[in-house]
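S.K.: Under full-length UniProt numbering, read the sequence shown as residues 1 to 108, first letter to last.
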Amino acid sequence: MTISITPSAQQRMRQFLAQAPSAAGVRFGVKRTGCSGFAYVVDLAQQVGEEDQTFQIEGVPVIVDAKSLPLVEGTEIDFQRQGLNASFVFHNPNATGECGCGESFTVG
């Protein structure tokens with residue numbers, strides 16, 4: 001698995017984990033939605049499921065479900081602030097297109 005996390009994303013994920021010490025890690029994956037087909041999911045994982053895989057990336061436990069693995073392989077996760085907005089930004093080599101709003105992507 002070759003997911004990478006920039007220093008700013010590491011810092012943000014560590015902040016989330018510090019606020020929820022019982023969390024198993026940060027869940028990263030995709031769900032079907034949006035105008036392009038898939039949207040990224042980043043959330044705290046309270047538990048690790050049977051189909052999940054856990055990766056230690058720069059000391060951050062990242063949990064990815066089996067269905068998302070092939071879609072997020074090689075993705076770089078960044079965290080950016082622009083004015084009053086702040087969000088995770090994904091650089092995914094598997095994405096072949098993105099919607100105009102930037103919320104969803106296509107693989108294929």
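A virtual CB, placed ideally from N, CA and C, is assigned to each residue, including glycine.
Quick one: is D43 buried, meaning 16 or more other Cβ sit within 10 Å of its Cβ, or exposed?
M.R.: exposed
S.K.: Which residues bound the beta strand (DSSP E) around A9?
M.R.: No beta strand (DSSP E) contains A9, which is instead part of the alpha helix (DSSP H) from 7 to 19.
S.K.: Please say whether G25 and P61 have beta carbons closer to each other than 8 Å?
M.R.: yes
S.K.: With a Cβ-Cβ cutoff of 8 Å, do V107 and F38 count as a contact?
M.R.: yes
S.K.: Would the region 43 to 53 and the region 78 to 85 be scored as touching if the rule is three or more Cβ pairs under 8 Å?
M.R.: no
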